[in-house]
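Note that the UniProt record's numbering has the sequence shown beginning at 1, numbered continuously upward. Structure first, then comments.
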Amino acid sequence: MTATPAAVVPRAAAPLPSPLRIALARAAVETKVLFRERDAVVFTFALPIVFLVLFASIFSGSAEGTGVTVAQLYTAGLIGSGVMGTGFQNLGIGIAGDREDGTLKRLVGLPMPRAAYFIGKIASVLVMTVLQVAILLAIAVLFYGLELPAEVSAWATFAWVFVLGVSAASVLGIAVSGLPRSGKSATAVITLPFVVLQFVSGVFIPITALPDWLINVASIFPLKWMCQGFRSVFQGDAGAALELTGSYELGKIALILAAWLVGGLVLCATTFRWKGRRDG
């Protein structure tokens, strides 16, 4: 008598990880990849530090009638520049490169929520900017006499300007990544407007020293408002006299940065391409 083979019971497929878990895993991957590119990491960290050393060595003293030091002026501007540079410039160039080498095309075919890719990118920007700010502040305090604010309210202002600034810069970086025709041209296409923005947004030159038409241009973009928000933290009430309106306009800063964040999200949703132009 022939034995009847046992019925084969199909094994149930393992459930996919939650979208949040996938997003966190992608964030870890993006951060590791970022720090493996040692040249880019060194350049990103070194650039604001070099500018701080140069300007603090060339200029000394304080702004007349305010007691605001050179270290206070340039630390605030360079933090804003670092946030914008990491979120807008580095992220835009990096995503353009991912599109060029087919990384984005391959990710589309994976059972991964597309939002996880963007969360990973923004998380890597957040890690980079936190470390960058910490190093910059440490050098400014140790070597250039920067006095950190003692008020909790000042650090609360720093926190919301930083979070809004990183978020807005990151979504704008994602949106602008589709502008270059190729990954090779991304550096030139994205870096040029960022360099111009630094000079007209109060990073290197006091905003009050600029002609009115340049001030009007700078006021459209978020970098000018980020720098102004950070100046309110490190310069305090004494530095308000150096602003165009004699006030830091914190409410206006919040509204404009939030508007850029929302506008950047809309641009990402409507213009982002997962494939290069050659792929159709």
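For each residue, glycine too, the CB sits at the ideal point set by N, CA and C.
Ranked by how close their Cα comes to the Cα of residue 35, the residues 210, 90, 107 have 90 in first place. In this structure, the beta-carbon distance from residue 230 to residue 87 does not fall below 7 Å.
Note on geometry: alpha-carbon atoms of residue 215 and residue 106 lie some 43 Å from one another. Per the DSSP secondary-structure output, residue 75 pairs with nothing in a beta bridge.
Its Cα nearest to that of residue 97, the residue 176 stands out among 176, 209, 262.
DSSP places residue 232 inside the alpha helix (DSSP H), whose first and last residues are 222 to 235. Bridge partners of residue 62 according to DSSP: 69. Taking C-alpha positions only, residue 183 is separated from residue 99 by approximately 7 Å.
Look at the beta carbons and you see the stretch 29 to 45 not touching the stretch 54 to 61: under three pairs across the two are nearer than 8 Å. Annotated as distal: residue 247 and residue 254, with beta-carbon spacing of 7 Å or more. Judged by DSSP secondary structure, residue 212 falls within the alpha helix (DSSP H) whose first and last residues are 212 to 218. In this structure the stretch 196 to 210 does not touch the stretch 117 to 135; the number of beta carbon pairs closer than 8 Å is below three. Less than 7 Å divides the Cβ of residue 84 from the Cβ of residue 169. Judged by DSSP in its simplified three-state form, residue 181 adopts coil rather than helix or strand. Closest in alpha carbon position to residue 41, among 24, 218, 124, 69, is 124. Rounded to whole angstroms, the separation of the alpha carbons of residue 137 and residue 268 is 33 Å. With respect to residue 173, residue 226 sits apart: the two C-beta atoms are not nearer than 7 Å. Per DSSP, reduced to three states, the secondary structure at residue 208 is helical. Residue environment for residue 151: exposed (fewer than 16 other C-beta atoms within 10 angstroms of its C-beta).
Rounded to the nearest whole angstrom, the C-alpha separation of residue 112 and residue 187 is 29 Å. Note on residue 270: under 16 other CB atoms within 10 angstroms of its CB, so exposed under the neighbour-count rule. Counting only residues of its own chain and dropping the five nearest sequence neighbours on each side, residue 93 has a CB closer than 7 Å to the CB of 186, 187, 190. A check of alpha carbon separations from residue 218 across 236, 232, 195, 149 identifies 195 as the nearest.
Counting only runs of 4 or more residues that sit fully inside the stretch 73 to 120, the alpha helix (DSSP H) segments are 91 to 100, 103 to 108, in chain order. Our two residues, residue 135 and residue 128, have alpha carbons roughly 11 Å apart in a direct line. Between residue 77 and residue 236, the C-beta gap is not smaller than 7 Å, which leaves the two residues out of contact.
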